[in-house]
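There are 4 protein chains.
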Amino acid sequence: MDVTDLYQGALAELSAVFARVDDASVDAAVDTIARAKRIACYGVGREGLQIKGLAMRLFHLGRSVAVVGDMTTPPLGPGDLLIVSAGPGDFSTVAGLMGVATEAGAETLVVTAQADGGAARRADHVLVIPAQTMADDTGSAATSVLPMGSLFEGAQYVLFEVMILKLRAKLGIDPALMRANHTNLE
Amino acid sequence: MDVTDLYQGALAELSAVFARVDDASVDAAVDTIARAKRIACYGVGREGLQIKGLAMRLFHLGRSVAVVGDMTTPPLGPGDLLIVSAGPGDFSTVAGLMGVATEAGAETLVVTAQADGGAARRADHVLVIPAQTMADDTGSAATSVLPMGSLFEGAQYVLFEVMILKLRAKLGIDPALMRANHTNLE
Amino acid sequence: MDVTDLYQGALAELSAVFARVDDASVDAAVDTIARAKRIACYGVGREGLQIKGLAMRLFHLGRSVAVVGDMTTPPLGPGDLLIVSAGPGDFSTVAGLMGVATEAGAETLVVTAQADGGAARRADHVLVIPAQTMADDTGSAATSVLPMGSLFEGAQYVLFEVMILKLRAKLGIDPALMRANHTNLE
Amino acid sequence: MDVTDLYQGALAELSAVFARVDDASVDAAVDTIARAKRIACYGVGREGLQIKGLAMRLFHLGRSVAVVGDMTTPPLGPGDLLIVSAGPGDFSTVAGLMGVATEAGAETLVVTAQADGGAARRADHVLVIPAQTMADDTGSAATSVLPMGSLFEGAQYVLFEVMILKLRAKLGIDPALMRANHTNLE
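Protein chains in written order, with the numbering used here: chain A, 1 to 186; chain B, 1001 to 1186; chain C, 2001 to 2186; chain D, 3001 to 3186.
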């Protein structure tokens, strides 16, 4: 197997994903995050890892943010935002938490590959990443060199970084301040 | 095996531990926590679980607190406090984090069964729980009906709850406020 | 505040809880765990910490066990067991995961203070700990010196330790082997 | 800010990183992982997230793998492998864990941007990703459009996916089997 081709193949696939991402949805998601009072983030499996990476960058930007399941997660209510990931459309725990957040008056933002999935249908805000997930990774539906939901998760990584750059500009955060918020407990 | 005897045996062992705990050390630890600007908590294994339980209650009390390893942990510096657990005396990651915290000007509080252990020797504040850990759970040293470090960890649970009650009184926090800080994202 | 009285008060409350625990339910839960092929454990908040402590001890006993949300959690199916905690009766994520497990043919075991709660009603096996949780911690319903769900969580700690002792005997596991399974990566 | 340019800028930077990655090192790392008996993975911050993503894919491949800090992590010894991330060169907890693993007879594999960093110097195996980290993200040393260590972390994501593809081929694992190992508890 030619490793170089694998790298470039994966990057070409990611590039193609972003050619299909709707810029207006990204800007809307950035606005939603920027005006949220408190933010909580949740995702399962490897999507959850990307969501956590976003949470750390939001913390670096000085936002009031927490990861669901951590000991220091506040309750959400009006003015707050729950960000969830549901690549293949929906998950039982995502559905449960969205229900709680909505009932408490918080808004919900779903990142998904399935614009018509269960999570997207019940969300206040939807950000679609048109990339392969475990909803379409088998048989003739599969299009990625990467396994399972890896293309979606990699696209989340790049998308979230770009959103952080846009949030940093929008909120006028000095990169040095962002850096100073990083923990030394490592 | 008589279950009832096991329960009462475990509780009697816990009771004996607290007969040996130094009240002045507990009060000093409570004072240290009460005046800390930012608090970070760390522990390994099942001790780490008890440390996390303490962190959640400190969060409920409105303290600025984080668990090491979470995405939203700030850097520590002067005026801040690192709380670690080192039941059997020391751990490599505990030692590493204590070094970072001390170098950054933060104070350290160690909860341990070994007053002369490595972690205690390098700490600013030490809280000793005289209970069996994996430092003395084999051969003739073993005294508990519970395995390995379970007596120490159970004693941490009870001790931390009592410390929270004392902190709640000292800080004048209304129980209703504490409760209102609990997350609904469950 | 008299610290000594707080310790003994908390331990007396725990003792009273175990006077009300049904031994047959505990033995049934132990049997259910002993015969499960694969086990996954889940709980929210501080209940979740106690569930994780149980998971580590089950791992020490050599059981095939995982914590939901970890990277190495297998899928559950027939012959497998999902253990969840739902002290005050039910949680949205607990409900979601129980649904998934049941649909996949796995059995479910709920540890709760509410024998008639949502989680208990949909479970295959129920283990009731009759202790204060956030379902009855306010007004005249409150009976514990400890805040919120602390009595329930402390009772979980002791109960799970006793269950581990019973499992160790039932499975014939040498304490030395159990100890040898503990990680050195600390 | 032109979002499209940011995506393509980030992907172009990643592409340039992989033009500099040493294929022989990647193959050596794949071989090391393939022959390890038990594997444990550790990383801090957002590097830690990428390490966890690798751990989940290794689990999907049927490897005996755990994440340090989880309840089900075994002890490591001869024949076992500790994989750590130390992008900017070293971390106190990484150093501590590497010491423990080495003393116990396990091998260590470090993923880093600093071939001469502390972690690399004490490792048995080193995999260098030549990308910006927090060791060179300020002043004239900074070269990436992305903040802090984001380029390194994104490169880890892509590199680990490629390594998984190579491992899958090397170990002869059917993609369907890999997929069947994914948890349903989401």
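For each residue, glycine too, the CB sits at the ideal point set by N, CA and C.
Nearest C-alpha to G3043 of chain D among D:M3071, D:F3091, D:Y3007: D:F3091.
As the crow flies, the alpha-carbon of L127 of chain A is around 24 Å from that of L3185 of chain D. Contact annotation: G3053 of chain D and F3160 of chain D have beta-carbon atoms nearer than 8 Å. Per DSSP, the continuous beta strand (DSSP E) segment holding L3081 of chain D begins and ends at 3081-3085. Taken in chain order, the complete alpha helix (DSSP H) segments of 4 residues or longer contained in the segment 1030-1069 of chain B are 1045-1060.
Excluding sequence positions up to five before and after S64 of chain A, its CB lies within less than 6 Å of the CB of R38, all in the same chain and listed in chain order. Within the segment 2091-2172 of chain C, the runs of alpha helix (DSSP H) that reach at least 4 residues and sit entirely inside it are, in chain order, 2092-2103, 2118-2122, 2150-2171. For S3140 of chain D, the number of other beta carbons within 10 angstroms of its own is below 16, and it is reported as exposed. Close partners of S1092 of chain B in chain D (Cβ separation under 7 Å): G3096, L3097, G3099, V3100. Apart from the 5 residues on each side of it in sequence, T72 of chain A sits with its Cβ closer than 7 Å to the Cβ of A66 in its chain, given in chain order. One Cα belongs to E13 of chain A, the other to D1031 of chain B, and the distance between them is close to 56 Å. Under the Cβ distance rule, M1163 of chain B does not count among the residues neighbouring chain A, no pair being separated by less than 8 Å.
Chain C places a beta carbon closer than 8 Å to that of P1175 of chain B, counting this residue as a contact.
Inter-residue distance for R3057 of chain D and Y3157 of chain D is about 11 Å (C-alpha atoms, whole angstroms). Shown here, M2178 of chain C sits in a helix according to DSSP, grouped into three states. Excluding five sequence positions before and after K166 of chain A, the CB atoms of its chain that fall closer than 6 Å to its own CB belong to V30, given in chain order. Of all residues in the segment 1070-1087 of chain B, only D1070, M1071, T1072, T1073, P1074, P1075, L1076, G1077, L1082 come within less than 9 Å of chain A when Cβ atoms are compared, listed by chain position. When the five nearest sequence neighbours on each side are left out, the beta carbons in the same chain lying within less than 6 Å of the beta carbon of S3025 of chain D are those of L3127, in order along the chain. In this structure, M3148 of chain D lies away from D3136 of chain D, with their beta-carbon atoms at least 8 Å apart. Taking 8 Å as the CB threshold, H182 of chain A lines the interface with chain B.
With 16 or more neighbouring CB atoms inside 10 Å of its own CB, G2048 of chain C falls in the buried class. Of all residues in the segment 3116-3143 of chain D, only M3134, D3137, T3138 place a beta-carbon less than 8 Å from a beta-carbon of chain A. One thing to note: L3109 of chain D has its Cβ no nearer than 8 Å to the Cβ of A3131 of chain D. For A3123 of chain D, the closest C-alpha among the options D:V3145, D:T3143, D:V3100, D:A3142 is that of D:V3100. Straight through space, the alpha carbons of A2119 of chain C and G2089 of chain C are spaced by roughly 6 Å.
Excluding sequence positions up to five before and after L2097 of chain C, its CB lies within less than 8 Å of the CB of Y2042, V2068, L2082, V2084, all in the same chain and listed in chain order. With 16 or more neighbouring CB atoms inside 10 Å of its own CB, D3080 of chain D falls in the buried class.
Ranked by how close their Cα comes to the Cα of I1129 of chain B, the residues B:V1111, B:V1145, B:A1142 have B:V1111 in first place. Listed in chain order, the non-local C-beta contacts of A1055 of chain B below 7 Å within the same chain comprise C1041, V1065, V1067, local neighbours out to five positions each way being set aside. Here DSSP, grouped into helix, strand and coil, assigns V3021 of chain D to coil.
A straight line joining the alpha-carbon of S144 of chain A with that of N3181 of chain D spans about 20 Å. No Cβ-Cβ contact shorter than 8 Å links G1117 of chain B with P1078 of chain B. Buried is the label assigned to L2076 of chain C, since at least 16 other Cβ atoms lie within 10 Å of its Cβ. For A1066 of chain B, the residues of chain A that pass the 9 Å Cβ criterion are D70, M71, T72, T183, L185, in the order they occur in the chain.
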